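Numbering (the numbering used here), first residue to last: 2 to 613.
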């Protein structure tokens, strides 16, 4: 029997769960074993600078089993990141109650690890159209092509759609100037395919004019890249997708441009005077020249990606103003933006981006690229306030991606359980239900290849380019992928499919994760699996249903989602033997049959059960 019972992950001990809105009341309950007699039990709240701002006494409210019940209710008016722990005193002196890795309260004689409490202002928009949906990420050049693509002068076109992307350097540099011809018309042609997967949101990697195939080196923010299509094609895609209940989100790259751009114009390919060409250019103030023209700030040292001076009023207005870049593409039909390298965007600029997106439509969404816990992110000598309200609605959930793969691949169930607890404790509920829960992107190893017997670090680039698992290895990887995606699709947040994962694509890191889809060789079993998961996502419980742990031991992860009278149970058996899981009456949503009292979960498989 534990001496102290407190864990903010559970609503019994902290209500409401997770981050709170400023001025909302928070109720804290601590259970103390009856043999402990405290003279006092205080809650200490500190700001992010370790300054104590509240000391509140918990009142004894009665007894529960063999425990004394202590409670206190309080609120915090100012948004920000706070930390709290407890101080108590008995006949032996002063003690503290702080957090362990599981968020459980632990009694100690030393200053403890504090719990986190994020206080946020209200977000703009409910975003119920987004929550509960399935997202699909597309790198347009590699997805599907309709008609002929007219290459730019610098472009190298692959004649074979299924060719390996170029990976060898030219004079020490990978130019990223090889193309396959996928286009926006190709995306339009595949809308029925995406609808069959129950996709509700398409996230497009950059589609605006640029030199490279990845297009994170923007050449013209106001122009669709000619190799991908036209402005009319984009408008048609948004309209046709909307008819099928699918929203379009585009990639916004506002920390840097390309050096080959209308704004910088290093190679004089544009008629307008660029910042590299002349100090008289209207874009000169956009950039941070150390010694004009050849020394300038750039993203991570890449000279092809000159960093933008985000403080420049003209640049801010160009991106965020009325009829600016954001307003233009949102007005043409997009429902939101994913912000690239958001850690590089300063707070003032980020505030204006969010305001601009919401001014167009409060129900538009802003998603940030953050690789760590977004609630505590520290970048460039400052704590970021992404989740304090009015900066982003959602972030890419890299911490969850890592935890799911670690569980499936390395049996690290404890790590997954703890990661989910911390996310739910640290993030606002609005963000939790809107998280972009991906298991692979254009920046990572393909999901299926995560379960290969070798890692990219063990292979040379030439070996990675042509690597394929054996039939037995591939079969095992598919089994593991199914377990991972069963978790992904039923946890809080929005599951995101990286194009082609549903077809069984393999590939190590960039550029091998960015191959084209071989439409003539789709893994039908895997495609059917994703279809089934997408269908399950339509249940209302996945919009904003609460998450509950059910079983978190012996390599069996079971959790439920509950909303009103609806309850969905996910069971993942990551063992090398079958198990029986005891439950009430229900319906197996995977095998589509009724179950009663217990369900058999074969080794290395998952079940999703709708309970009566």
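Don't be surprised by glycine CBs; every beta carbon is placed ideally from N, CA and C.
Computed from a predicted structure; not experimentally measured.
Report the residue from 442, 556, 425, 596 whose alpha carbon sits nearest the alpha carbon of residue 12.
Position 11 of the chain shown, counted from the first residue, corresponds to residue 12. Considering only alpha carbons, the answer is 425.
Can you check whether the CB of residue 451 is closer than 8 Å to the CB of residue 518?
As a first step, residue 518 must be located in the chain shown, where it is residue number 517. As a first step, residue 451 must be located in the chain shown, where it is residue number 450. Contact: no.
Collapsed DSSP secondary structure at residue 641 in the structure displayed:
Lying outside 2 to 613, the shown extent of the chain, residue 641 is not represented and no answer is given.
Rounded straight-line distance, which links the Cα of residue 524 to that of residue 509:
Against the chain shown, residue 509 aligns to sequence position 508. Against the chain shown, residue 524 aligns to sequence position 523. For residue 509 and residue 524, the distance between alpha carbons rounds to 19 Å.
When we look at the beta-carbon of residue 287 and count the other beta-carbons within 10 Å, is it buried (16 or more) or exposed?
Along the chain shown, read from residue 1 onward, the residue named residue 287 stands at position 286. Around the CB of residue 287, 16 or more other CB atoms lie within 10 Å, so the residue is classed as buried.
CB-CB length for residue 198 against residue 459, believed under 8 Å:
What you label residue 198 is simply residue 197 of the chain shown in a count that begins at 1. What you label residue 459 is simply residue 458 of the chain shown in a count that begins at 1. Residue 198 to residue 459, Cβ: 33 Å. No contact.
In whole angstroms, what separates the C-alpha of residue 43 from that of residue 89?
Along the chain shown, one-based indexing puts residue 43 at 42. Along the chain shown, one-based indexing puts residue 89 at 88. Roughly 6 Å between the two C-alpha positions.
Nearest to residue 339 (by Cα), restricted to the options 293, 314, 420, 437:
Against the chain shown, residue 339 aligns to sequence position 338. It is 437.
Inter-stretch contact at 8 Å, needing at least 3 Cβ pairs: the stretch 103 to 115 / the stretch 63 to 76:
The stretch 103 to 115 vs the stretch 63 to 76: no contact.
What's the gap between the Cα of residue 209 and the Cα of residue 263?
Within the chain shown, numbered from 1, the residue matching residue 209 stands at position 208. Within the chain shown, numbered from 1, the residue matching residue 263 stands at position 262. Cα-Cα distance, rounded: 12 Å.
Once you ignore the five residues that flank residue 231 on each side, which residues in its own chain have a CB closer than 7 Å to its CB?
Counted from its first residue, the chain shown places residue 231 at position 230. If we look at residue 231 and ignore the five residues flanking it on each side, its Cβ neighbours are 225.
Look at the alpha carbon of residue 435 and the alpha carbon of residue 247, and state the distance between them as a whole number of angstroms.
As a working note, residue 435 is residue 434 in the chain shown. As a working note, residue 247 is residue 246 in the chain shown. Between residue 435 and residue 247, the C-alpha separation is close to 16 Å.
Distance between residue 579 and residue 571 (C-alpha atoms, nearest Å)
Sequence index remark: in the chain shown, residue 571 carries index 570 (1-based). Sequence index remark: in the chain shown, residue 579 carries index 578 (1-based). Rounded to whole angstroms, residue 571 to residue 579 spans 16 Å at the Cα level.
Under 8 Å, with one C-beta from each stretch per pair, do the stretch 180 to 194 and the stretch 140 to 147 reach the 3-pair mark?
The stretch 180 to 194 makes contact with the stretch 140 to 147, as at least three CB pairs between them are under 8 Å.
Taking 8 Å as the threshold, find out whether the stretch 550 to 568 comes into contact with the stretch 412 to 422 through three or more Cβ pairs.
yes
In three-state terms, what does DSSP make of residue 553?
In the chain shown, the residue the question calls residue 553 occupies position 552. Residue 553 falls in the strand class under three-state DSSP.
The beta strand (DSSP E) with residue 437 in it runs from where to where?
In the chain shown, the residue the question calls residue 437 occupies position 436. It spans 437 to 439 - the beta strand (DSSP E) in which residue 437 sits, taken as one unbroken run.
Please check the pair residue 123 and residue 3, which I expect to be a contact at CB under 8 Å, by giving their CB distance rounded to whole angstroms.
As a first step, residue 123 must be located in the chain shown, where it is residue number 122. As a first step, residue 3 must be located in the chain shown, where it is residue number 2. Residue 123 to residue 3, Cβ: 37 Å. No contact.
Just checking my contact of residue 315 with residue 309 at CB under 8 Å: how many whole Å lie between their CB atoms?
In the chain shown, residue 315 corresponds to position 314, counting from 1. In the chain shown, residue 309 corresponds to position 308, counting from 1. Not a contact, Cβ separation roughly 11 Å.
In whole angstroms, what is the alpha-carbon distance linking residue 326 and residue 147?
Residue 326 sits at position 325 when you count from the first residue of the chain shown. Residue 147 sits at position 146 when you count from the first residue of the chain shown. Each residue's Cα considered, the two are about 27 Å apart.
Can you tell which of 157, 240, 277, 211 has the C-alpha that lies nearest to the C-alpha of residue 192?
Indexing the chain shown from 1 puts residue 192 at position 191. Considering only alpha carbons, the answer is 240.
Closest residue to residue 66 among 303, 328, 367, 32 (Cα-Cα distance):
For this step, residue 66 is matched to residue 65 along the chain shown. Checked all of 303, 328, 367, 32; the closest Cα to residue 66 is 32.
Express the C-alpha separation of residue 7 and residue 621 in angstroms, rounding to a whole number.
Since the displayed the chain opens at 2 and closes at 613, residue 621 lies outside it and no answer follows.
Is DSSP giving residue 416 helix, strand or coil here?
Residue numbering aside, residue 416 sits at position 415 when the chain shown is read from its first letter. Helix.
Count the other CB atoms within 10 Å of the CB of residue 151; is the residue buried (16 or more) or exposed (fewer)?
The residue labelled residue 151 in the question sits at position 150 within the chain shown. Answer is exposed; the Cβ neighbour count stays below 16.
DSSP three-state assignment for residue 300, whether helix, strand or coil
Start at 1 with the first residue of the chain shown, and residue 300 comes out as number 299. Reduced to three states, the DSSP call for residue 300 is helix.
Note down the Cα distance separating residue 17 from residue 28, rounded to an integer number of angstroms.
To locate residue 17, count along the chain shown from 1; it is residue 16. To locate residue 28, count along the chain shown from 1; it is residue 27. Their Cα atoms are separated by approximately 7 Å.
Could you tell me if residue 136 is buried or exposed, where buried requires 16 or more neighbouring beta carbons within 10 angstroms of its beta carbon?
Here residue 136 is taken as the residue at index 135 of the chain shown, counted from 1. Counting Cβ neighbours within 10 Å, residue 136 comes out buried, since at least 16 surround it.
Residue environment, residue 129, which counts as buried when at least 16 other CB atoms sit within 10 Å:
Counting from one through the chain shown, the residue named residue 129 turns up at place 128. Counting Cβ neighbours within 10 Å, residue 129 comes out exposed, since fewer than 16 surround it.
How close, in whole Å, do the beta carbons of residue 328 and residue 361 come, if the pair is a contact with beta carbons under 8 Å?
As a position in the chain shown, residue 328 is number 327, starting the count at 1. As a position in the chain shown, residue 361 is number 360, starting the count at 1. Between residue 361 and residue 328 the Cβ distance is about 6 Å, and since that is below 8 Å, they are a contact.
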